[in-house]
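Chains as they are written, first to last, in the numbering used here: chain A, 133 to 567; chain B, 133 to 567.
Spelled out as structure tokens, the structure:
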């Protein structure tokens, strides 16, 4: 595959370097670069020491990258030095941008309205530093990006030739919108002008083990003409398989044949070819209906997942977290005799939980989940990871399954919500359930 | 602060670089180095290209690190090149270690017993590559570590002076045990001999804005003797402030004074000085009591958070997700007239929800949460981010507050659970609630 524009990412912040805060920006930016058709060569992470940031910038420049994206170090405090270090690296003077300082002051004023008694002048003085930016305009390869929070971003090309640096704030909710603005600037567009335009498609599967997919992909090497032109990465995510394929436009027919092969071999498992998540599909399928949940081991995670998207109040009636046996009886009307006979983790109890949720919320569809998330509570007959699911419809039909999930307590609880989402998808689509 | 032993981490693997697999090794190794008293300067991530791995090793050597830890690239396939690249970097010849090859063959034989029909000779030939290791013994600065999976690890010092490289496999379940063996070798111990033993302490605060903490830390520069000997990192995590301080043992008195200053200035906000999370404290305080939740905008997130830890069934009775008004009335007994008069997001409704949960679950304490997570549903009077909390006790006392939370839908929902945890902590500790 052609080697077009190459990039590096510099993640700064002692809390990220030391692993106390998980870096969400590196992977997110990697994905954005990939989509853009820019080849990512290196991600480097360092603390807040200016010498270390500078060393990483010089390393990446030495590797011949065309674009460097930095995250973090734009705050008002003394240890936030990224803009100054980048300006020095790019051979640019740092100047106070007064209109920008005024905009930051405006943001602070409205923000501080919530904290009566706070000292506005002191805060403003600290934030004055954030209005120090490299000198120059778009024609010189310098662009200043208005703050999303209080920190402005910068796009600046190294004077005398060399990489363009996009300087973004650390908090993901500020970095993400600012990235989209940064990459649209004339200076950034000049840096990525020589990139290869790739297409990228995602196929999602549920139910197939990873080894089964590996086998099909091995066969695809001989069955799909032009297979070598497809750059395929597969990964396990939340208990599903995600197959991302990147290809240049002239390999589109090869991709079409790969997708057809996956569908043909695994008709039950391929559920999305357009990037949609099972969450999107369930939300769509629930249109005009209401749903209720009855959760034991997941303890609210499924209800919370259903409520993740805006507008979910149109279909989510509510749920019960029936952690104790008394709660199962009192709130969902589960017959205590059923628990005594079959155990709290059993298909009859999952069914009774779903039926109780249907009834109590007057919903069209309900899910009951009861299982053993561990680490304790397992037995030979019902080991840790045993989870019973039941989906009930208002017409009285139910679909019930018991699954054995791998992993630790958190894995088992999260994967249980994925299994439930896929059972919902199949029931709502009128497909037979068998997970 | 003394500059003791410095280290760098090199994470290899295209799936990690592109963000499709989360890197768990960098943060884990960072933590191990910190505990060991080794200063971590850089983490670098690259794909499987040997040139990129070599460039990163050279970069770190140029930065003067004493120790480099690599993860990944030890598999049997052609793109797993780390040992060869490290041997070249260290100026060491690669030789076939026949006893090691025999041990790998033994492992494969037992492993492949599970796959009848697999071609043992073909697999063994592929794995022969894994027995190619740098020439030399412990006295020359070369140590070979027996495989945890099928890949051996290597500890090797650059010939003629320079860093020692610890080469570890990528899968965390192989890397972690092998790290502990690697660092115990004579070669690794020589590399870290000059390390400083640091102490590290964590203070957690809730309620204080970041700017308020910054101000106190600025004052501490003059008020705390020896402040410069404290290496302080602060970060916002789940709506709380975390202050981690690392110092050499002779700065212990400075740290004591810093902690005292924070307590004195922010007596309400400092809630943990021993590393415990609010979740730990609430779990502790709930000992011998039961709790129930009634959630609207958080839709199960608080119940799920309370159930995160093993053994939570001892105190979590359960919860209701009352997303619709009908659910609030039907499952929690909230008077519909109350909703009609005050609105679903109001303190009286939050109180009635908590009271309903107390009653329905027969719990000792209950929390009601109702709010506007957005992006829609806000009004001038009750903008997006308005959340009402009520904590009720079985004796009839209640504590109710309305908070305005910043951020997007996901932020507001998650921060709501943090606010609720802190209200619980204060009520359970017999402290007045005011968040």
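For every residue, glycine included, the Cβ atom is placed at its ideal position computed from N, Cα and C.
Give me the Cα-Cα distance between residue i and residue j, rounded to the nearest whole angstrom.
i                      : j                      : result
residue 416 of chain B : residue 532 of chain B : 23 Å
residue 554 of chain A : residue 413 of chain A : 10 Å
residue 321 of chain A : residue 334 of chain B : 44 Å
residue 455 of chain A : residue 496 of chain B : 15 Å
residue 498 of chain A : residue 427 of chain B : 18 Å
residue 384 of chain A : residue 375 of chain A : 16 Å
residue 440 of chain B : residue 431 of chain A : 9 Å
residue 546 of chain A : residue 434 of chain A : 9 Å
residue 352 of chain B : residue 159 of chain A : 37 Å
residue 537 of chain A : residue 342 of chain B : 41 Å
residue 133 of chain B : residue 326 of chain B : Its pLDDT being 41, under 50, residue 133 of chain B is placed unreliably by the model, and the measurement read from it follows with that caveat. C-alpha separation (whole angstroms): 14 Å.
residue 284 of chain B : residue 339 of chain A : 34 Å
residue 516 of chain B : residue 443 of chain A : 14 Å
residue 140 of chain A : residue 519 of chain A : 44 Å
residue 529 of chain A : residue 562 of chain A : 12 Å
residue 504 of chain B : residue 278 of chain B : 56 Å
Within the 8 Å Cβ cut-off, does residue i reach chain A?
i                      : result
residue 186 of chain B : no
residue 493 of chain B : yes
residue 375 of chain B : no
residue 93 of chain B  : No statement about residue 93 of chain B is possible, as the shown extent of chain B runs from 133 to 567 and does not include it.
residue 87 of chain B  : Residue 87 of chain B is absent from the model: chain B starts at 133 and stops at 567.
residue 372 of chain B : no
residue 540 of chain B : yes
residue 255 of chain B : no
residue 359 of chain B : no
residue 322 of chain B : no
residue 455 of chain B : yes
residue 528 of chain B : no
residue 445 of chain B : yes
residue 439 of chain B : yes
Against chain B, does residue i count as a neighbour if the rule is that its beta carbon must be under 8 Å from one of theirs?
i                      : result
residue 520 of chain A : no
residue 484 of chain A : no
residue 311 of chain A : no
residue 76 of chain A  : A question about residue 76 of chain A goes unanswered here, because the residues of chain A that appear run from 133 up to 567.
residue 214 of chain A : no
residue 498 of chain A : no
residue 463 of chain A : yes
residue 222 of chain A : no
residue 166 of chain A : yes
residue 531 of chain A : no
residue 459 of chain A : yes
residue 564 of chain A : no
residue 305 of chain A : yes
residue 298 of chain A : no
With 16 as the cutoff for other CB atoms within 10 Å, does residue i come out buried or exposed?
i                      : result
residue 267 of chain B : exposed
residue 307 of chain A : buried
residue 180 of chain B : buried
residue 560 of chain A : buried
residue 151 of chain B : buried
residue 252 of chain B : exposed
residue 548 of chain B : buried
residue 157 of chain B : buried
Determine, using beta carbons only, whether residue i and residue j come nearer to each other than 8 Å.
i                      : j                      : result
residue 148 of chain B : residue 188 of chain B : no
residue 287 of chain A : residue 224 of chain A : no
residue 502 of chain B : residue 542 of chain B : no
residue 200 of chain B : residue 297 of chain B : yes
residue 138 of chain A : residue 186 of chain A : no
residue 544 of chain B : residue 506 of chain B : yes
residue 355 of chain B : residue 393 of chain B : yes
residue 387 of chain B : residue 169 of chain B : no
residue 524 of chain A : residue 486 of chain A : yes
residue 184 of chain B : residue 193 of chain A : no
residue 232 of chain B : residue 263 of chain B : yes
residue 367 of chain A : residue 289 of chain A : no
residue 390 of chain B : residue 373 of chain B : no
Using DSSP bridges, identify the partner residues of residue i.
i                      : result
residue 333 of chain B : B:377
residue 531 of chain A : A:523
residue 141 of chain B : B:175, B:201
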